[in-house]
Amino acid sequence: MLALNAPRLPPFLLPLIFINLTGHMALSGGRVTGSLYILKTTGAEYLVGVFMALFSIIPVLTSLSIGRWVDRVGAARVMRLGVALIVLGAWLPVAYLTLPTLLMAAVTIGCGFNILSVAAQHTVGHLVATASPSERLANFGWFALGHSASSTIGPFIAGLLIDALSFRAAFAALALFACIAAWLVLTKARNLPRAYADPEAEVAINEENATREVQQKPHVLDLLSTPEMRRIYWVNMIMSSSWDLFIVMLPVLGTRLGYSASVIGTVFSLFALGTFAARAAMPWLSRRANEWQILRVSMCVVVLVFCLLPWASVAPILMALGLLFGCSVGMSQPNMLSLLHAASPPGRGGEAVGLRSVLSNSCSVVVPLAFGAAVVPFGISALLVSGGLVFASGIPPAHQGAVARAGAPARC
């Protein structure tokens with residue numbers, strides 16, 4: 056019934072979904088495969104944190120520039136560079152599987168997928184110039200399905216191939232998906248629309264750009280000038296941090312409990328299946344609740360899951376919590392992107408998406424490194440409960456956003 060009630064997909068959205076899916080396979084499966092390889096060959100849990108952080112180290116430094124580049128030249132050229140880096144990084148551990156090449160692959164894949172992602176996300180927000188907020192949210196929900204599907208398929212395939220064949224075979228399968236992404240970018244994404252699809256918007260943006268040439272260059276912190284933008288970025292950081300903590304925690308916890316690669320991969324896949332289910336339901340949800348109302352519920356569930364995780368000592372409980380966490384955090388990306396697109400200044404949409412990527416990837420660097428440094432002296436349980444308490448700080452701004460959207464003064 057959900058599919059029957061879903062809005063018709065705009066042009067280019069379906070190719071973008073499959074580009075996102077196949078391009079993300081090298082990252083989602085590579086994180087699991089690389090983490091398990093490091094734990095098996097070195098036993099050093101802190102190296103897992105370093106490995107996870109390396110996926111995001113270059114995006115922290117480059118995302119703003121990438122967003123501005125997309126604003127200037129459009130998405131197609133930018134996406135070609137991104138997918139080329141993904142293919143290069145995906146084949147590195149296949150050609151020569153060592154710890155140094157694995158770390159180099161993490162840097163290259165992370166950089167490439169971030170470039171691809173910023174360009175694609177910005178494009179989705181402008182596929183239909185006259186889209187209503189609910190239609191725009193639905194489009195972001197459909198787009199995010201590619202990310203969720205790859206997060207389900209990648210770890211599952213990787214876990215099976217590791218147990219049945221080898222780590223190298225798992226990396227080779229992921230690299231083949233990267234090649235499919237490259238083919239899709241080269242054949243299906245050559246004529247993507249620019250940021251403004253209607254003449255009036257283009258004229259307004261060109262006038263603003265001309266004004267900027269004679270005025271002081273706008274600063275990135277101008278994007279934080281409104282309460283709505285500050286709420287968006289803060290809640291985005293909280294959701295990103297919870298995602299990163301779950302991802303880096305799971306291989307370590309699973310290995311400590313003695314689970315096989317297949318079991319750990321299955322938990323990852325159930326988590327991703329939850330994100331898929333949440334995003335598949337987004338067209339239906341978008342007609343019944345606004346973005347902040349959905350995020351408020353999502354934040355509460357995230358906090359609950361992290362408070363329950365220390366008691367997940369058997370695989371079925373861990374799988375159930377992974378599925379529940381996936382359902383909650385899976386709602387975040389489509390809603391955050393929809394809010395960001397609506398609130399960002401004209402002509403700076405790519406820059407706004409780039410700043411979001413900077414903040415998200417900063418969390419993806421800090422959280423794994425902090426986890427790797429603290430897991431031995433403090434233990435996983437203490438870190439999970441502490442994380443839940445920190446993530447609770449995202450509930451008040453989400454509530455303020457929901458109240459403000461309803462037209463009442465927000466109170467904390």
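Just so we're aligned, residue 56 is where the sequence shown starts under the numbering used here, counting upward by one. Built from N, CA and C at the ideal position, the CB exists for glycine as well.
Alpha-carbon spacing of residue i relative to residue j, whole angstroms
i           : j           : result
residue 366 : residue 373 : 9 angstroms
residue 86  : residue 142 : 15 angstroms
residue 164 : residue 92  : 17 angstroms
residue 257 : residue 396 : Its pLDDT being 49, under 50, residue 257 is placed unreliably in this model, and the value from its coordinates should be taken loosely. Distance between the alpha carbons of residue 257 and residue 396: 16 angstroms.
residue 334 : residue 228 : 26 angstroms
residue 103 : residue 303 : 7 angstroms
residue 324 : residue 378 : 9 angstroms
residue 459 : residue 385 : 23 angstroms
residue 67  : residue 245 : 10 angstroms
residue 238 : residue 440 : 44 angstroms
residue 195 : residue 414 : 20 angstroms
residue 293 : residue 137 : 26 angstroms
residue 147 : residue 342 : 45 angstroms
residue 145 : residue 289 : 32 angstroms
residue 301 : residue 436 : 12 angstroms
residue 356 : residue 410 : 26 angstroms
residue 476 : residue 82  : Shown here, the chain extends from 56 to 467; a query on residue 476 therefore has no answer.
residue 388 : residue 110 : 19 angstroms
residue 241 : residue 382 : 33 angstroms
residue 73  : residue 190 : 20 angstroms
residue 124 : residue 118 : 10 angstroms
Buried versus exposed call for residue i [16 or more other C-beta atoms within 10 Å across all chains shown]
i           : result
residue 432 : exposed
residue 269 : Below a pLDDT of 50, predicted positions are generally treated as unreliable, and residue 269, at 45, falls in that range; the measurement from the model is reported next regardless. Residue 269 is exposed by the Cβ-count criterion.
residue 298 : buried
residue 18  : There is no way to answer for residue 18, as the model of the chain reaches only from 56 to 467.
residue 306 : buried
residue 368 : exposed
residue 221 : exposed
residue 128 : exposed
residue 313 : exposed
residue 321 : buried
residue 108 : buried
residue 311 : exposed
residue 444 : exposed
residue 286 : buried
residue 466 : The pLDDT assigned to residue 466 is 41, lower than 50, so where the model puts this residue is not dependable; a value taken from the coordinates is nonetheless given after this. With fewer than 16 other Cβ atoms within 10 Å, it is exposed.
Supposed contact pair residue j and residue i - C-beta distance, whole angstroms, cut 8 angstroms
i           : j           : result
residue 75  : residue 416 : Incorrect: roughly 17 angstroms between the Cβ atoms, too far for contact.
residue 88  : residue 213 : 5 angstroms
residue 364 : residue 376 : 6 angstroms
residue 327 : residue 207 : 4 angstroms
Residue from the options whose Cα sits closest to the Cα of residue i
i           : options            : result
residue 154 : 209, 127, 203, 95  : 95
residue 225 : 97, 381, 316       : 316
residue 329 : 353, 400, 344      : 353
residue 280 : 160, 80, 398, 89   : 398
residue 447 : 430, 375, 240, 361 : 361
residue 112 : 421, 151, 173, 70  : 421
residue 71  : 419, 174, 430      : 174
residue 319 : 216, 345, 101      : 216
- Within the segment 363-431, ranges of the alpha helix (DSSP H) (whole runs, at least 4 residues): Whole alpha helix (DSSP H) segments, 4+ residues: 370-384, 387-398.
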